[in-house]
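S.K.: The numbering of the sequence shown is the working numbering, which starts it at 13 and goes up by one. Where is the CB? At the ideal position from N, CA and C, for every residue including glycine.
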Amino acid sequence: MSKYSILDFNHIAIIQTAFLGDVTLSLYLAQTIRNCHQTVNITFVTTPIGSSVASTCQAIDNIITYDKYGLQKGLDGIKRISNLLRERNIDCIISPHRSFRTSMLTILSKPTFSVGFNRNALSFLYSKRIKYYKHYHEIDRNLSLLMAFKDKSLIPKEDIKIDLDIHPADKTYVENKLNFYNIKENDSLIAFAPGSIWNTKRWSDEHFIDIVIKFNNYNFKTVLVGSKDDFDLCKKIADNSGGINLAGEMTIPQVIHLLSKTKLLITNDSAPTHLAGLVNCPTLTIYGPTSPIFGFYPKGQFDKSVELKNLKCKPCSIHGNKECPIKTHSCMKDLKPDFVFENAIEILKNTNVL
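Next up, the structure:
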């Protein structure tokens, strides 16, 4: 057992510089630390895009933006960020991210106590290593790092609510955008997130077009969300379905606020799943090459996951690939809109929308 209580530390840093979804799920760790240690200073080290979601979490006091592929790439960048952490007198570092870069950053920062998973790169250099359970939900996996402290009952038994702080200007922007498209407060709004960094994780454009049309026929209001990189994809779907393309028109905090007004999000296995979780937006996540078994599934009371479970080739990767390894992409092509629509309708009935 550790000799340290979490209350022994004045300044704790959490390092998570992976994808946006991973960063979002790490906010629950920050919130849990804040709930049990009200006076601690919490610094969150993350990427430029990660900073945008971290900025909405009231539990976090300071954000250090680490541009690991840009201005702060390489060893010089690691040294710069670690120097910054030392200057701020960080006495404890908790690292859910398992990369070599993050481990180097942790070690060079020289905290009194450091915590990581036993599968972190250079894990032997951490003060305390916690077993990485592959099939835990990522929120629970991250919270298991708190077992490194001697305190009992740090890990809550109930679901954690993130204390969010969305700037009033962001809320106003969303309201104005919805008003522009004649979407009223009492309209039933369905959001779709068809993008993904990984091509194989994308349900087909044609399938998204089909299901958006189905919802429009039910007199729902339908919007497509995503980054600027998703604009062309969302435009194609919107132009052929009657949906509204909002891709590239909103920041991450604005998307979170939009989702708080949404009756249902239908998305690939990507970051919007977890953004929706911050505001308890009912979510239907579509899995192709990946699987919920890896722990990145929507966790809300009414959330659902859909996938084809009878494929021998699935899952082929925890993140997906640029191309299908066997050139069929059956996991997405054969996942039909009618099946996804039926599951979506079930969520809407369970939430008393229908």
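#1: When you compare the CB positions of H23 and I106, do they come within less than 8 Å of one another, or not?
#2: Whole angstroms are fine: how far does the CA of L323 sit from the CA of C246?
#3: Between I320 and N280, what straight-line distance do the alpha-carbon atoms span, to the nearest angstrom?
#4: Note down, in chain order, each residue of its chain lying with its Cβ closer than 7 Å to the Cβ of N292, except the 5 sequence neighbours on either side.
#5: Quick check: the Cα distance between I94 and Q84, rounded to an integer number of angstroms?
#6: Tell me which same chain residues have a C-beta within less than 7 Å of the C-beta of F161, skipping the five on either side of it?
#7: Which class does I142 belong to by DSSP, given the choice of helix, strand or coil?
#8: Return helix, strand or coil for A367, following the three-state DSSP convention.
#9: Suppose the cutoff is 7 Å on Cβ atoms and the five residues either side in sequence are ignored; what does the same chain contact list for A30 look like?
#10: Ends of the beta strand (DSSP E) at K311?
#11: Taking the beta carbon of E335 as the centre, do at least 16 other beta carbons fall within 10 Å, making it buried, or is it exposed?
#12: Could you tell me whether the segment 180–195 touches the segment 216–229, where touching means 3 or more Cβ pairs closer than 8 Å?
#13: Would you call the CB atoms of P310 and A283 closer than 8 Å?
#14: Provide the residue(s) that pair with L176 in DSSP beta bridges, ordered along the chain.
#15: What residue does the beta strand (DSSP E) around K233 start on, and which one ends it?
#16: Where does the unbroken beta strand (DSSP E) through S317 begin, and where does it stop?
#17: Among V65, Q28, Y138 and D73, which has the Cα closest to the Cα of H49?
#18: Tell me L296's beta-bridge partners as DSSP assigns them.
#19: Closer than 7 Å by C-beta to I338: which residues in its own chain qualify, once you throw out the five before and the five after it? Chain order, please.
#20: Between the alpha carbons of L157 and I26, how many angstroms are there, rounded?
#21: Can you check which of these residues, F129, V352 and G260, is closest to K240 by C-alpha distance?
#22: Apart from the five residues just before and just after D199, which ones in its own chain have a Cβ nearer than 7 Å to its Cβ?
#23: Taking only three categories from DSSP, how would you classify H23?
#24: Report the rounded CA-to-CA distance for S342 versus E150, giving the unit in angstroms.
#25: Do you know offhand how far N194's Cα is from I256's?
#26: Among G300, F129, S111 and L137, which one has its Cα closest to the Cα of K122?
#27: How long is the line joining the alpha carbons of A250 and M262, rounded to whole angstroms?
#28: Is it right to say I305 is buried, meaning 16 or more other beta carbons lie within 10 angstroms of its own, or is it exposed?
M.R.: In short, the structure shows the following:
#1: Along the sequence shown, read from residue 1 onward, the residue named residue 23 stands at position 11. Along the sequence shown, read from residue 1 onward, the residue named residue 106 stands at position 94. No, they are not a contact pair.
#2: For the purposes of this step, residue 246 is taken as the residue at position 234 of the sequence shown. For the purposes of this step, residue 323 is taken as the residue at position 311 of the sequence shown. Those two C-alpha atoms are separated by around 29 Å.
#3: If you number the sequence shown from 1, residue 320 lands on position 308. If you number the sequence shown from 1, residue 280 lands on position 268. Sequence check: residue 320 is Leu here, not Ile. Cα to Cα, L320 sits roughly 14 Å from N280.
#4: Within the sequence shown, the letter at position 280 stands for residue 292. If we look at N292 and ignore the five residues flanking it on each side, its Cβ neighbours are G312.
#5: Against the sequence shown, residue 94 aligns to sequence position 82. Against the sequence shown, residue 84 aligns to sequence position 72. Looking at the sequence itself, residue 94 is Ser, so the reference to Ile does not match. If I take the Cα positions, the gap works out to 11 Å.
#6: Position 149 of the sequence shown, counted from the first residue, corresponds to residue 161. S14, Y16, S17 and I18.
#7: Taking the first residue of the sequence shown as 1, we reach residue 142 at position 130. Three-state result, I142: strand.
#8: As displayed, the chain neither begins before 13 nor continues past 366, which places residue 367 out of reach and without an answer.
#9: Locating residue 30 in the sequence shown gives position 18, where the first residue counts as 1. Sequence-distant partners of A30 (beyond 5 residues in either direction) whose C-beta falls short of 7 Å from its own C-beta, in its chain, are H109.
#10: On the sequence shown, position 299 is the one that residue 311 refers to. First-last for K311: undefined, no H or E at that position.
#11: For the purposes of this step, residue 335 is identified with residue 323 of the sequence shown, where counting begins at 1. By the 10 Å Cβ count, E335 comes out exposed.
#12: Not touching, per the Cβ criterion.
#13: Looking up residue 310 in the sequence shown gives position 298. Looking up residue 283 in the sequence shown gives position 271. No, the pair does not count as a contact, with Cβ atoms beyond the cut-off.
#14: Numbered from its first residue, the sequence shown carries residue 176 at position 164. DSSP lists C69 as partners of L176.
#15: Here residue 233 refers to the residue found at position 221 of the sequence shown. Note, K233: beta strand (DSSP E), K233 to L236.
#16: Along the sequence shown, read from residue 1 onward, the residue named residue 317 stands at position 305. S317 -> beta strand (DSSP E) spans K316 to V318.
#17: Counting from 1 along the sequence shown, the entry for residue 49 is found at position 37. Considering only alpha carbons, the answer is D73.
#18: Position 284 of the sequence shown, counting from 1, holds the residue named residue 296. In the DSSP output, where bridge partners are listed per residue, L296 has I278 and K316.
#19: Along the sequence shown, read from residue 1 onward, the residue named residue 338 stands at position 326. Only C325 meet the Cβ criterion.
#20: On the sequence shown, residue 157 is found 145 positions in, with the first residue counted as 1. On the sequence shown, residue 26 is found 14 positions in, with the first residue counted as 1. When the Cα atoms are used, L157 and I26 turn out to be separated by approximately 11 Å.
#21: Mapped onto the sequence shown, residue 240 falls at position 228. Of F129, V352 and G260, the residue nearest in Cα terms is G260.
#22: Taking the sequence shown and counting its residues from 1, one reaches residue 199 at position 187. K233, listed in sequence order.
#23: Here residue 23 corresponds to residue number 11 of the sequence shown, with the count starting at 1. Correct three-state label for H23: strand.
#24: Your numbering for residue 342 matches position 330 in the sequence shown. Your numbering for residue 150 matches position 138 in the sequence shown. When rounded, the distance between both Cα atoms is 27 Å.
#25: Looking up residue 194 in the sequence shown gives position 182. Looking up residue 256 in the sequence shown gives position 244. So the alpha carbons of these two residues sit roughly 11 Å apart.
#26: Translated into positions along the sequence shown, residue 122 becomes position 110. Considering only G300, F129, S111 and L137, the residue with the shortest C-alpha distance to K122 is L137.
#27: Within the sequence shown, the letter at position 238 stands for residue 250. Within the sequence shown, the letter at position 250 stands for residue 262. In this model, A250 and M262 are separated by some 17 Å (Cα to Cα).
#28: Counting from 1 along the sequence shown, the entry for residue 305 is found at position 293. With fewer than 16 Cβ atoms within 10 Å of its Cβ, I305 is classed as exposed.
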